[in-house]
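Chemist: At position 86 of the sequence shown the residue is numbered 71 (my numbering), and the sequence of numbers has no breaks. Don't be surprised by glycine CBs; every beta carbon is placed ideally from N, CA and C. Below you'll find the structure I mean.
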Amino acid sequence: YISGSQVLLVLTCLIMNLAFDVILFRKAKIVEGITWGKIPARAQYTLIVLFVSVVMIIALMGYIRSGLRMNWHIYKILQDTSLTAYTPSIQYMGRVIAIIVGIFFGIIILLLWLSSLQKKRP
């Protein structure tokens, strides 16, 4: 169900990015080898911010996609004609999604903290 133009667009982007990477990194020097577990604190905070941002954007875009149907169960086929048919605003859903994401990350942090309490066996 993917159109040919979508495939061509993705392939074009991949090829262009490959060309840019080859041009940008052809004279790059290896400063230091990659060492597992060594990452600056600033990079860790950046990864956490990116993680939260991506999760919230994905959730909000999912709501927007389903919210476009408005009062339709099946768009243009089966309309919701009940008196309580209502689609919340994007602002309201943004708050709800932020709360859900906060609770989810809180649970993840709790699980990581609990796993760190376990005594390591020699």
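According to the neighbour-count rule (16 or more other Cβ atoms, all chains shown, within 10 Å of its Cβ), is I15 buried or exposed?
Modeler: Position 30 of the sequence shown, counting from 1, holds the residue named residue 15. That one is exposed.
Chemist: In whole angstroms, what is the alpha-carbon distance linking L99 and F90?
Modeler: Residue mapping note: residue 99 aligns to position 114 of the sequence shown, counting from 1. Residue mapping note: residue 90 aligns to position 105 of the sequence shown, counting from 1. One C-alpha to the other measures close to 14 Å.
Chemist: Could you check the C-alpha separation between Y10 and G87 for me, to the nearest Å?
Modeler: For the purposes of this step, residue 10 is taken as residue 25 along the sequence shown, with counting starting at 1. For the purposes of this step, residue 87 is taken as residue 102 along the sequence shown, with counting starting at 1. The question names Tyr, but residue 10 in the sequence shown is Phe. Cα-Cα distance, rounded: 38 Å.
Chemist: Relative to the C-alpha of D65, which residue among S38, T20, N56 is closest?
Modeler: To locate residue 65, count along the sequence shown from 1; it is residue 80. With distances taken between Cα atoms, D65 lies closest to N56.
Chemist: I19: buried (16+ other C-beta within 10 angstroms of its C-beta) or exposed?
Modeler: In the sequence shown, the residue the question calls residue 19 occupies position 34. With fewer than 16 Cβ atoms within 10 Å of its Cβ, I19 is classed as exposed.
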